[in-house]
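Numbering (this note's numbering), first residue to last: 1099 to 1375. The block underneath contains the structure these notes are about, expressed in structure tokens.
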Ligand code: NAD
């Protein structure tokens, strides 16, 4: 699978980034958003429902759509690809996972250093409606419970972050922050929203300092995430890509391993790092 000299070189790498997209979860039964729609939900395009504008217009519809998505993803278990990533972290001196996925499966598989570029579906945060800020004569403050904007007198300081963490994405009315009463939403990056600055900065830093990047199951069409593998390459990192279909990265990779993550990644790890065990 990997020629001898490259194998030696990969094994000597000290800082590994594993960059993943929806493809790594495909064998856990999580297809793309578009593929999964059935019945009532077939008529909703994610690009129209997963937006701040849609939530502002109809919070309950958007909440219900995410409940449907979460119920499906909750059934999924990590596959051999997720497990192999967690195992590689035990073999390599340093490994950071940068994922575009929101499904939490890397963490369930045992990966600890995971940067979730697009957030996590199972965490909630306040919906901050920029249109409502700075109106009237009261300045918004940051709610200590949800970190969203609140008006001081609306904030219940007896509420705690634990109260917020106990609220789940499940069927029912859209919940509110127990502190400031703001509507809650899944803590994921919706279409048209910027990525969290701290997560993106950490991802750039890992990208700029890694000596090996393994890109798994991403079509590399969603920016800014899509620029991560080539940025690592420009900084001197070796690149391995795993995908059943070639992408714009494939020709630039030191090795393009065509196939499914759950099959190819465990083989790659056995071949390159197996003797480290
Ligand atoms: P994407 O743009 O990441 O493309 C999926 C890629 O995975 C394609 O290149 C495809 O060839 C490849 N692939 C398919 N099966 C694979 C397998 N078994 N092993 C390895 N690679 C495989 O994904 P998208 O669906 O176009 O998503 C766009 C955005 O939505 C991204 O942010 C994505 O992460 C997110 N999304 C996340 C999830 C999730 O959390 N599981 C699911 C769907 C979409």
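Idealized CB from N, CA, C, for every residue including glycine.
If you check the C-beta of residue 1290 against the ligand NAD, you find no heavy atom less than 8 Å away. Looking at the DSSP output, residue 1356 shares a beta bridge with 1341.
Residue 1203 sits in a helix when the DSSP states are folded into three classes. With contact defined as three or more Cβ pairs closer than 8 Å, the stretch 1254-1274 and the stretch 1218-1225 are in contact. Counting C-beta pairs closer than 8 Å gives fewer than three between the stretch 1289-1296 and the stretch 1170-1181, which falls short of the contact rule.
Straight-line measurement puts the Cα of residue 1352 at about 13 Å from the Cα of residue 1344. A straight line joining the alpha-carbon of residue 1188 with that of residue 1158 spans about 43 Å. Restricted to the stretch 1263-1323, the beta strand (DSSP E) segments that are unbroken, complete and at least 3 residues in length are 1282-1286 and 1310-1314, listed in chain order. Using a 10 angstroms sphere on the CB of residue 1285, the tally of other CB atoms reaches 16 or more, which defines it as buried. Where residue 1167 is concerned, there is no enclosing beta strand (DSSP E), although the alpha helix (DSSP H) around it starts and stops at 1157-1172. Proximity of the stretch 1203-1222 to the stretch 1142-1158 falls short of the contact definition, fewer than three beta-carbon pairs being nearer than 8 Å. In summary, residue 1337 is buried, with 16 or more beta-carbon neighbours lying within 10 Å of its beta-carbon over all protein chains present. Secondary structure at residue 1208: coil, using DSSP grouped into helix, strand and coil. Each of 1281, 1362, 1347 and 1116 was checked against the Cα of residue 1209, and the nearest Cα belongs to 1116.
Taking every protein chain shown into account, the CB of residue 1201 has 16 or more other CB atoms within 10 angstroms, so this residue is buried. Assigned with DSSP and collapsed to three states, residue 1213 falls in strand.
Judged by their CB atoms, residue 1277 and residue 1242 are nearer to each other than the 9 Å cut-off.
Excluding sequence positions up to five before and after residue 1149, its CB lies within less than 7 Å of the CB of 1288, 1289 and 1290, all in the same chain and listed in chain order. If you check the C-beta of residue 1333 against the ligand NAD, you find no heavy atom less than 8 Å away.
Membership of residue 1100 in any beta strand (DSSP E) is not indicated, and neither H nor E is assigned to it by DSSP.
Going by beta carbons, residue 1314 and residue 1121 fall inside the 9 Å limit. Using a Cβ-Cβ distance cut-off of 8 Å, the stretch 1353-1368 and the stretch 1180-1197 are in contact, since at least three pairs of beta carbons, one from each stretch, lie closer than that value. Distance between residue 1198 and residue 1113, taken at the CA atoms: about 20 Å.
Within a 10 Å sphere around the beta-carbon of residue 1312 sit 16 or more other beta-carbons, which makes this residue buried. A direct Cα-Cα distance of roughly 37 Å separates residue 1322 from residue 1255.
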